[in-house]
């Protein structure tokens with residue numbers, strides 16, 4: 002297999018997804034340690050037939066979901082290789 006980039010080379014998408022993931026994990030961990038459970042406080046009534054009522058969630062859950070989506074998108078992107086001028 003080919004290693005596309007080293008972890009120490011700055012990458013905005015990777016860094017953003019890891020930051021969101023860490024924020025979500027720490028948010029849910031904080032709730033779990035302080036209250037014994039995670040507090041879901043966002044509830045939207047979207048009137049979606051197959052998902053009614055829409056599940057309650059919190060900001061930490063959103064951060065984790067967005068991080069996973071960004072990571073998946075980033076993993077399929079091809080990095081541009083620098084062109085050598087002769």
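In this note's numbering, the protein residues as written are 2 to 87.
Note that beta-carbon positions come from the ideal geometry of N, C-alpha and C, so glycine has one too.
Note that this is a predicted model, so its numbers are computed, not measured.
Alpha helix (DSSP H) containing residue 29: first to last residue?
From DSSP, the alpha helix (DSSP H) with residue 29 extends over 13-36.
What three-state label does DSSP hand residue 72 in the structure shown?
Correct three-state label for residue 72: helix.
In this structure, how does DSSP classify residue 51 when only helix, strand and coil are distinguished?
Reduced to three states, the DSSP call for residue 51 is helix.
Expressed to the nearest angstrom, what Euclidean distance is found between the alpha-carbon atoms of residue 56 and residue 39?
Those two C-alpha atoms are separated by around 14 Å.
Between residue 61 and residue 37, is the Cβ-Cβ spacing less than 7 Å?
For residue 61 and residue 37, no; Cβs fall outside 7 Å.
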